[in-house]
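A.B. asks: The opening residue of the first sequence carries number 1 in my numbering; numbering runs sequentially from there. All C-beta atoms in this analysis are idealised placements derived from N, C-alpha and C, irrespective of residue type, glycine included.
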Amino acid sequence: MARHLITSAIPYINGIKHLGNLVGSQLPADLYARYQRGRGNEVLFLCATDEHGTPAELAAAKAGKPVADYCAEMHEVQARIAQGFRLSFDHFGRSSSPQNHRLTQHFAGRLAEAGLIREVTEKQMYSRADGRFLPDRYIEGTCPNCGFESARGDQCDNCTKQLDPVDLINPRSTISGSTDLEQRETKHLYLRQSTMRQQLQDWIDSKTDWPILTTSIARKWLNDGDGLQDRGITRDLDWGIPVRKGDQDWPGMEGKVFYVWFDAPIEYIACGAEWAEANGLDAPAWERWWRTDKGASDVTYTQFMGKDNVPFHTLSFPATILGSGEPWKLVDYIKSFNYLNYDGGQFSTSRGRGVFMDQALDILPADYWRWWLLSHAPESSDAEFTWENFQASVNKDLADVLGNFVSRITKFCRAKFGEAVPEGGAWGEQETALIETLTARIRTYEALMDAMEVRKSAQELRAIWVLGNEYLQSAAPWVTIKEDPERAAMQTRLGLNLIRLYAVLSAPFIPDASAAMLAALHSDDAAWPEGDLGAWLGALPADHTFTVPEVLFGKITDEQREDWQTRFAGIRT
RNA sequence: GGGCCUGUAGCUCAAUGGUUAGAGCAGAGCGCUCAUAACGCUUUGGUUGGGGGUUCGAGUCCCUCCGGGCCUACCA
């Protein structure tokens with residue numbers, strides 16, 4: 001039995017995520033986790049909220065709440081929505097957990113001992129009115145190059161020139177609007193990634209099967225300009241993990257916290273510890289997933305993320321792990337995704353454009369979204385959500401091809417034989433051929449799922465559904481029942497068993513519908529069809545009862561589509 | 001500016017340098033009547049963004065031009 005450690009990029013605590021965020025990490029990670037569990041493998045699937053950093057502090061202030069309270073509340077909100085989408089995390093942790101505090105400080109201490117940390121005194125903009133240092137993005141002013149009045153401290157959106165905040169004319173804080181800014185000296189810790197460049201390069205070069213998107217971003221950072229740069233890993237903020245060297249104070253760093261991008265990936269590991277604690281397990285229980293010296297050497301670790309997260313997962317986090325000199329589990333495969341656009345533009349959290357996770361669940365069940373998003377996952381390039389495409393795909397694939405198949409066979413059986421699997425008859429050539437075709441397609445489906453080819457897997461699964469309709473059409477039990485009732489019984493029995501097959505194969509994509517199908521068949525056996533498919537398709541025996549299910553997938557009407565199109569075009573209310 | 005990705009049928013996407021560039025949807029025709037006006041079969045549709053080159057052979061590799069997107073290190 002293989003062991004799979006799976007993590008999804010951890011969503012930022014600041015607000016509810018949109019469908020683009022969902023399809024870029026959590027949803028494909030869940031697909032893979034469910035599939036691996038379905039195949040009987042041992043899985044630990046971890047996710048968490050990423051809670052530190054300036055935006056969290058500002059969002060809390062805006063909500064008029066202490067930042068710790070705000071994060072606790074938003075964590076619950078995100079956890080509930082994740083549950084709504086049936087994201088099957090073994091644990092949904094928090095980067096603000098005590099476990100992550102300890103582990104982050106531990107890593108910093110190890111890196112310091114290894115000589116991989118240097119202290120840098122630098123000047124940074126401080127806003128007296130806001131009482132805080134301002135990241136460059138939070139300073140606006142007039143661009144010295146083009147005169148654009150809303151140029152940001154790091155870059156001018158108008159002329160795209162890179163800027164330094166001190167170059168801005170009339171600089172002001174975007175938080176308060178205050179112009180009472182000054183440069184202050186402050187001391188920070190830098191991770192000396194540059195000294196590890198060759199080691200990281202060799203490691204990346206060894207990953208020949210990774211998505212181009214993943215390796216090309218990593219190479220760009222390794223080789224651009226002077227090569228990989230050292231990275232600041234501390235910030236002057238109140239909310240975060242206090243800078244400590246293991247369990248020791250760090251002289252000169254009092255009142256400072258680690259940078260969110262330093263502690264966020266470490267939360268993947270800490271989340272394992274949180275999972276163990278939440279389930280009453282001891283340290284060895286999570287260490288056997290994360291420490292190659294404590295049982296994790298046979299673990300395959302796969303990370304899922306959007307392309308914006310790639311540099312941190314291919315470089316900074318591996319640098320942290322390698323630099324520690326300790327045998328922590330390194331990632332084996334990074335599956336990265338492009339962006340999903342919304343109706344001709346970008347999803348925008350700040351402008352409330354597009355569909356957000358809570359709204360999506362308000363209007364349709366999770367399976368509709370899961371199916372569309374996964375079957376259109378932005379793997380090779382950015383993808384686009386349009387309501388027309390969504391309506392057409394979901395109606396055709398889920399309602400017509402799969403839902404109607406379940407409906408026609410169960411209703412036929414009820415009408416002719418009653419609500420129990422009919423007895424009699426034996427398979428003929430048609431059935432043997434069907435099973436042969438199905439077996440080949442299932443093996444292809446498995447290979448695609450193993451390779452995390454999300455779109456192609458969905459395509460293959462759909463083709464497997466279609467085989468059921470083709471079989472029914474050519475077998476035509478509504479005809480054979482007139483001259484050969486035993487044959488019709490056999491055909492119907494196979495049809496009912498196909499529903500069970502579809503329930504099991506489809507569970508990673510559409511878990512609720514899958515459960516509804518199994519429930520209708522009064523079956524709780526969801527074992528994957530390994531080995532002889534013919535035998536597997538005889539699992540529902542004669543006389544086994546079932547219930548004709550409710551409509552599995554209702555169709556999206558034109559009125560609904562138009563209504564939603566209007567509703568989600570503008571500003572989120 | 002630099003780097004990377006991308007452009008294939010009306011739409012969404014496939015195609016380790018190797019038969020005649022394939023699927024699904026939409027369109028057209030036929031069949032079926034168990035079923036959610038559903039299903040099945042057949043079928044129309046392409047100068048692979050433009051131009052040049054390498055090669056026995058190019059959607060694929062190289063050059064160039066045009067269009068779309070992302071990243072560019074203190075947002076996360």
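Could you please give the first and the last residue of the uninterrupted alpha helix (DSSP H) stretch that includes Lys62?
C.D. replies: Lys62 -> alpha helix (DSSP H) spans 54-63.
A.B. asks: Is Phe92 helix, strand or coil when you go by DSSP?
C.D. replies: Strand at Phe92.
A.B. asks: Measuring only the C-alpha atoms, how far is Gln26 from Cys47?
C.D. replies: Each residue's alpha carbon lies about 8 Å from the other.
A.B. asks: When you compare only the Cα positions, how much space is there between Thr573 and Pro55?
C.D. replies: Caution is warranted here: a pLDDT of 40 is assigned to Thr573, below 50, making its placement in the model unreliable, and the coordinate value is therefore given only provisionally. Each residue's Cα considered, the two are about 20 Å apart.
A.B. asks: Keeping to the same chain, check which residues put their C-beta closer than 7 Å to that of Gln491; ignore five residues upstream and five downstream.
C.D. replies: The residues are Ala475, Pro477, Thr480.
A.B. asks: At a threshold of 8 Å, does Ala515 count as lining the ligand GDP (C-beta to nearest heavy atom)?
C.D. replies: With respect to small molecules bound, the structure shown includes none, and the ligand GDP cannot be examined in it.
A.B. asks: Considering just the uninterrupted stretch of the alpha helix (DSSP H) at Leu87, what are its terminal residues?
C.D. replies: Per DSSP, Leu87 belongs to no alpha helix (DSSP H) and is neither H nor E.
A.B. asks: Within the same chain, show all residues whose beta-carbon is closer than 6 Å to that of Val331, passing over the 5 residues directly before and after it, in chain order.
C.D. replies: Counting only Cβ-Cβ distances below 6 Å, and skipping sequence neighbours, we find Tyr301, Gln303.
A.B. asks: Whole angstroms are fine: how far does the CA of Asp130 sit from the CA of Gln164?
C.D. replies: The sequence given here has Asp at residue 164, not Gln. Distance between the alpha carbons of Asp164 and Asp130 is about 20 Å.
A.B. asks: Flag this pair as touching only if the stretch 375-387 and the stretch 340-356 have three or more C-beta atom pairs under 8 Å; answer yes or no.
C.D. replies: The stretch 375-387 vs the stretch 340-356: in contact.
A.B. asks: Give the single residue among Asn395, Ser97, Tyr268 whose Cα lies nearest to the Cα of Met305.
C.D. replies: Considering only alpha carbons, the answer is Tyr268.
A.B. asks: Return helix, strand or coil for Cys156, following the three-state DSSP convention.
C.D. replies: Cys156 falls in the coil class under three-state DSSP.
A.B. asks: What does the Cβ neighbour count give for Thr100, buried or exposed, with the cut at 16 atoms within 10 Å?
C.D. replies: This sequence places Asn at residue 100; Thr is not what is there. Buried.
A.B. asks: How should Met357 be labelled, buried or exposed, when 16 other C-beta atoms within 10 angstroms of its C-beta is the threshold for buried?
C.D. replies: It is buried - the Cβ of Met357 has at least 16 other Cβ atoms within 10 Å.
A.B. asks: In terms of DSSP beta bridges, what is Tyr32 paired with?
C.D. replies: Partner(s): none; Tyr32 has no beta bridge.
A.B. asks: How is Val421 classed by DSSP in three states: helix, strand or coil?
C.D. replies: Here Val421 sits in coil by DSSP.
A.B. asks: Considering Pro477, what are the terminal residues of the alpha helix (DSSP H) in which it resides?
C.D. replies: Per DSSP, Pro477 belongs to the alpha helix (DSSP H) from 477-483.
A.B. asks: Nearest to Asp226 by CA position, among Lys482, Arg197, Trp250, is which residue?
C.D. replies: Closest option to Asp226, Cα to Cα, is Arg197.
A.B. asks: Could you name the residues of the same chain whose beta carbon sits closer than 6 Å to that of Lys555, not counting the 5 residues immediately before and after it, in chain order?
C.D. replies: So the list reads Asn395, Ala399, once near-sequence residues are dropped.
A.B. asks: With the cut-off set at 9 Å, would you say Leu467 and Thr437 are in Cβ contact?
C.D. replies: Yes; because the gap between Cβ atoms is below 9 Å, this pair is in contact.
A.B. asks: Between which residues of its own chain and His544 is the CB-CB distance below 6 Å, once the five residues before and five after are set aside?
C.D. replies: Once the five neighbours on either side are set aside, the close Cβ partners of His544 are Val421.
A.B. asks: Go through its chain and collect everything with a Cβ distance to Gln229's Cβ below 8 Å, but skip five positions before and after it.
C.D. replies: Answer for Gln229: Gln193, Ser194, listed in chain order.
A.B. asks: Would Gly345 pass as a contact of His18 if the rule is Cβ separation under 9 Å?
C.D. replies: Contact flag unset, no.
A.B. asks: Determine whether the beta carbon atoms of Asp236 and Gly252 lie at a separation below 9 Å.
C.D. replies: No, the Cβ-Cβ distance between Asp236 and Gly252 is not below 9 Å.
A.B. asks: Distance, Cα to Cα, Ala415 vs Ala488?
C.D. replies: Distance between the alpha carbons of Ala415 and Ala488: 13 Å.
A.B. asks: Nearest to Trp261 by CA position, among Ala283, Leu315, Asp563, is which residue?
C.D. replies: Nearest option by C-alpha distance: Leu315.
A.B. asks: Sort Phe412, Asp263, Phe92 by Cα distance to Thr7 and report the nearest one.
C.D. replies: Ranking Phe412, Asp263, Phe92 by Cα distance to Thr7 puts Phe92 first.
A.B. asks: What residues match up with Phe568 in a beta bridge as DSSP calls it?
C.D. replies: Answer by DSSP bridge pairing: none, since Phe568 is not bridged.
A.B. asks: Within a Cβ cutoff of 6 Å, which residues of the same chain sit near Ile16, ignoring the five residues on either side of it in sequence?
C.D. replies: Once the five neighbours on either side are set aside, the close Cβ partners of Ile16 are Phe356, Met357, Asp358.
A.B. asks: Pairs of beta-carbons, one from the stretch 369-382 and one from the stretch 424-443, closer than 8 Å: are there three or more?
C.D. replies: Not touching, per the Cβ criterion.
A.B. asks: For Met125, write down the residues that DSSP places opposite it in a beta bridge.
C.D. replies: Gln183.
A.B. asks: So, for Gln199: in the same chain, excluding its five sequence neighbours on each side, which residues have a beta-carbon less than 7 Å away from its beta-carbon?
C.D. replies: Counting only Cβ-Cβ distances below 7 Å, and skipping sequence neighbours, we find Leu322.
A.B. asks: Exposed or buried, which one is Gly64 when buried takes at least 16 other CB atoms within 10 Å?
C.D. replies: Exposed, since its Cβ has fewer than 16 Cβ neighbours within 10 Å.
A.B. asks: Pick out whichever of Thr547, Glu486, Asp484, Thr439 has its Cα sitting closest to the Cα of Trp465.
C.D. replies: For Trp465, the nearest C-alpha among the options comes from Thr439.
A.B. asks: Which of the three DSSP states is assigned to Asp558 in this structure?
C.D. replies: If DSSP states are grouped into helix, strand and coil, Asp558 belongs with the helices.
A.B. asks: Run through DSSP, which three-state label would Ser336 get?
C.D. replies: Residue state, collapsed to three classes: strand.
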